[in-house]
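Undergrad: Okay, so the sequence shown: first residue is 28 according to the working numbering, each after it adds one. Built from N, CA and C at the ideal position, the CB exists for glycine as well. There's a structure below that I have some questions on.
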Amino acid sequence: MIYFDNSATTQVNPAALDTYNKVSKEIWGNPSSLHKLGDRSHQLLEASRKQIADLLGVKPYEIFFTSSGSESDNWALKGTALAKKEFGNHIITSSVEHAAVSNSVRALEDLGFRVTVLPVDKDGRVNPADLKAALDHETILVSIMGVNNEVGSIQPIKEISEILEDYPNVTFHVDNVQALGKNIWSEVFTPRVDFMSLSSHKFHAPRGVGILYKKAGKMIKPLIDGGGQEKALRSSTENLPAIAATAKAMRLYLEDEKQNAKQESQVREKIMTYLKDKPGIHIFSQDNDKFAPSILCFALEGIRGETLVHTLEDKGIFTSTTSACSSRSGVEGSTLSAMKVDDSIATGAIRLSFDPSNTVEEADKFIEIFDDIYQHFAEINHLK
Ligand SMILES: Cc1ncc(COP(=O)(O)O)c(C=O)c1O
28 MIYFDNSATT
38 QVNPAALDTY
48 NKVSKEIWGN
58 PSSLHKLGDR
68 SHQLLEASRK
78 QIADLLGVKP
88 YEIFFTSSGS
98 ESDNWALKGT
108 ALAKKEFGNH
118 IITSSVEHAA
128 VSNSVRALED
138 LGFRVTVLPV
148 DKDGRVNPAD
158 LKAALDHETI
168 LVSIMGVNNE
178 VGSIQPIKEI
188 SEILEDYPNV
198 TFHVDNVQAL
208 GKNIWSEVFT
218 PRVDFMSLSS
228 HKFHAPRGVG
238 ILYKKAGKMI
248 KPLIDGGGQE
258 KALRSSTENL
268 PAIAATAKAM
278 RLYLEDEKQN
288 AKQESQVREK
298 IMTYLKDKPG
308 IHIFSQDNDK
318 FAPSILCFAL
328 EGIRGETLVH
338 TLEDKGIFTS
348 TTSACSSRSG
358 VEGSTLSAMK
368 VDDSIATGAI
378 RLSFDPSNTV
388 EEADKFIEIF
398 DDIYQHFAEI
408 NHLK
């Protein structure tokens, strides 16, 4: 099997799974309980929080645990909008956000917030000048992702941060679910970022943990009220086994970040070199430092993405279509449509997403198998 679907989810690291099992068996008290079992759990919870904070270069009290990247995004946006509604009602986002952000923004629009959705260029990147022009005295929140999950483009978070230096009252949220461990951290997480979302299952931790970085002093309303966990901002009993495993997985994932990103780049470059200049093939990701090394999105004209995904699956290669949306065309609202890729081509797009464990030999095998498919379709579709 060749697994090229790491942006969808990653396989749990065995060491992180060991931590999960060990904590489930041995440190199972509720961190809020007053007795010693609770104390032990509380200590481990705070040790995990500190480890994650240290790895991200922030303070432990700035790390909040949620259930997923989606929840972190929902909370950052809705919680900020609710907390700041007296100060303004304008929200700015991009046209290529994950649905957890774009649908949260839509929900806020239904509640009466005014929304500006920034366009993107042919690489799926927003123009900081457009953001500057969109800011007004009612703007309370800007939410722009670090790395796009469909094509891999890195958004100009640094330039946006510089612009937002002049607007200290505007909250800046970055969805970095696809950006961790890609050796681009300083590009996507600047001191100007107020909120930032991560998701455990994208870096080999078990599912069920989201992280929300909340800069000290930033206002947010809770979305989940209850027993007052997470400083009364996100109630519910903490998922300690998965949180401890997340801290472990993150440490291991970031251990050799530079080398890992290089490995992913090599796999991507190999496949991209093969795909380049082939009639009927459209490549939407680029082999440069404006794209994360982990994603390669392309389309083969005349064959639907779903068909290609299943054809590759039959040969033991796991990939995905780019858009999880369920609209009729299958591309409406997707990054490719925001990039103004023609629908007839966008419906053929698939995404390969890599991990440091993928090898150049796997890339060679992919090329061999894909080439068979390509030759067959190229012939019946007269692409040559
Ligand atoms: C950019 C981005 N944001 C948010 C999410 C949602 O994360 P989760 O699956 O943990 O809810 C994803 C998941 O694919 C993503 O790629």
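Just curious, the alpha helix (DSSP H) that ALA390 is in, first and last residue?
TA: 387-407
Undergrad: Return helix, strand or coil for ILE54, following the three-state DSSP convention.
TA: coil
Undergrad: Please state the DSSP three-state secondary structure of THR93.
TA: strand
Undergrad: Going by other Cβ atoms of all chains shown within 10 Å of its Cβ, with 16 needed for buried, is LEU104 buried or exposed?
TA: buried
Undergrad: Specify the secondary structure class of ILE270 as computed by DSSP and reduced to three states.
TA: helix
Undergrad: If you follow the beta strand (DSSP E) that ARG141 is part of, which residue opens it and which one closes it?
TA: From DSSP, the beta strand (DSSP E) with ARG141 extends over 141-145.
Undergrad: With which residues is VAL169 paired in a DSSP beta bridge?
TA: Beta-bridge partners of VAL169 (DSSP): ILE119 and PHE199.
Undergrad: To the nearest angstrom, report how far apart ASN130 and SER170 are at their CA atoms.
TA: Each residue's alpha carbon lies about 12 Å from the other.
Undergrad: Could you check the C-alpha separation between GLY255 and SER262 for me, to the nearest Å?
TA: Straight-line spacing of the CA atoms in GLY255 and SER262 works out to 5 Å.
Undergrad: With DSSP collapsed to three states, give me the class of LYS303.
TA: coil
Undergrad: For SER353, which residues of its own chain have a beta-carbon under 6 Å away from its beta-carbon, when the five flanking residues on both sides are left out?
TA: Any reading at SER353 must be qualified, since the residue scores a pLDDT of 36, below 50, and its modelled position is unreliable; the value itself is stated next. Same-chain partners within the cutoff: there are none.
Undergrad: Taking only three categories from DSSP, how would you classify ARG261?
TA: coil
Undergrad: Ignore the nearest five residues each way along the sequence and tell me which others in LEU207's own chain have a CB closer than 8 Å to its CB.
TA: These residues qualify, in order along the chain: LEU225, LYS229, PHE230, MET277, TYR280 and LEU281.
Undergrad: What does the alpha-carbon distance come out to for the pair ILE399 and LYS49?
TA: Looking at the sequence itself, residue 399 is Asp, so the reference to Ile does not match. For ASP399 and LYS49, the distance between alpha carbons rounds to 46 Å.
Undergrad: Please enumerate, following chain order, all residues with a beta carbon closer than 5 Å to at least one heavy atom belonging to ligand 1.
TA: SER95, GLY96, SER97, HIS125, ALA127, ASN176, ASP202, VAL204, GLN205 and SER226
Undergrad: Excluding sequence positions up to five away, which residues of its chain have a Cβ less than 8 Å from the Cβ of ASP252?
TA: Non-local beta-carbon contacts of ASP252 in its own chain, meaning distances under 8 Å to residues more than five positions away in sequence, involve SER262 in chain order.
Undergrad: Would you identify the three-state DSSP class for ARG76, choosing helix, strand or coil?
TA: helix
Undergrad: Considering only residues of the same chain and omitting the five flanking positions on each side of ALA35, which have a CB-CB separation below 8 Å?
TA: SER347 and SER380
Undergrad: Go through its chain and collect everything with a Cβ distance to VAL294's Cβ below 8 Å, but skip five positions before and after it.
TA: In chain order, PHE381, ASN385, THR386, VAL387, GLU389 and ALA390 place their CB closer than 8 Å to the CB of VAL294, counting only its own chain and leaving out the 5 sequence neighbours on each side.
Undergrad: Using only alpha-carbon positions, find the residue among ILE407, LYS275, VAL368 and VAL336 that is nearest to ALA43.
TA: LYS275
Undergrad: Since HIS125 and VAL174 should fall inside the 8 Å C-beta cutoff, what is the C-beta to C-beta distance between them, to a whole number of angstroms?
TA: So it is not a contact: roughly 10 Å between Cβ atoms.
Undergrad: Shorter than 6 Å, the distance from the beta carbon of VAL174 to the closest heavy atom of ligand 3, or not?
TA: In the structure shown, ligand 3 is absent; the only ligands present are ligand 1.
Undergrad: Residues in the same chain with beta-carbon distance under 7 Å from LYS342, minus the five sequence neighbours each way, listed in chain order, please.
TA: For LYS342, where only same-chain residues beyond five positions count, the Cβ hits under 7 Å are ILE396.
Undergrad: Helix or strand or just coil, what does DSSP make of ALA351?
TA: Because the pLDDT of ALA351 is 42, which lies under 50, any placement of that residue in the model is unreliable, and the number read from its coordinates should be weighed accordingly. In this structure, ALA351 counts as coil in the three-state DSSP scheme.
Undergrad: Please report the Cβ distance between ALA376 and GLY332, rounded to the nearest whole angstrom; I am assuming they are in contact, meaning their Cβ atoms lie under 8 Å.
TA: 5 Å
Undergrad: Does DSSP put ALA110 in a helix, a strand or coil?
TA: helix
Undergrad: Taking only the alpha-carbon atoms, compute the straight-line gap between ILE407 and LYS367 and give it to the nearest angstrom.
TA: 27 Å
Undergrad: For the region 210-236, list the beta strand (DSSP E) runs that are entirely contained and at least 3 residues long, ordered along the chain.
TA: 222-226
Undergrad: Please return the same chain residues whose Cβ sits closer than 8 Å to the Cβ of TYR30, not counting the five positions on each side in sequence.
TA: GLN38, PHE345, ASP382 and ASN385
Undergrad: For PRO41, which of helix, strand or coil comes out of DSSP?
TA: helix
Undergrad: Can you grab the Cα-Cα spacing for the pair PRO249 / ILE79, in whole Å?
TA: 22 Å
Undergrad: For a test of the three-state rule: what should DSSP assign to ASP252, helix, strand or coil?
TA: Looking at ASP252 - three-state DSSP - the assignment turns out to be coil, as it is neither helix nor strand.
Undergrad: Since HIS309 and ALA326 should fall inside the 8 Å C-beta cutoff, what is the C-beta to C-beta distance between them, to a whole number of angstroms?
TA: The C-beta distance from HIS309 to ALA326 rounds to 5 Å, short enough to meet the 8 Å contact threshold.
Undergrad: In terms of DSSP beta bridges, what is TYR280 paired with?
TA: None, per the DSSP bridge assignment.
Undergrad: Drop a sphere of 10 angstroms on the beta-carbon of ALA351, count the other beta-carbons inside from all chains shown, and report buried for 16 or more, exposed for fewer.
TA: Bear in mind that the predicted position of ALA351 carries a pLDDT of just 42, short of 50, making it unreliable; the figure below should be weighed with that in mind. ALA351 counts as exposed, since fewer than 16 other C-beta atoms from the protein chains shown sit within 10 angstroms of its C-beta.
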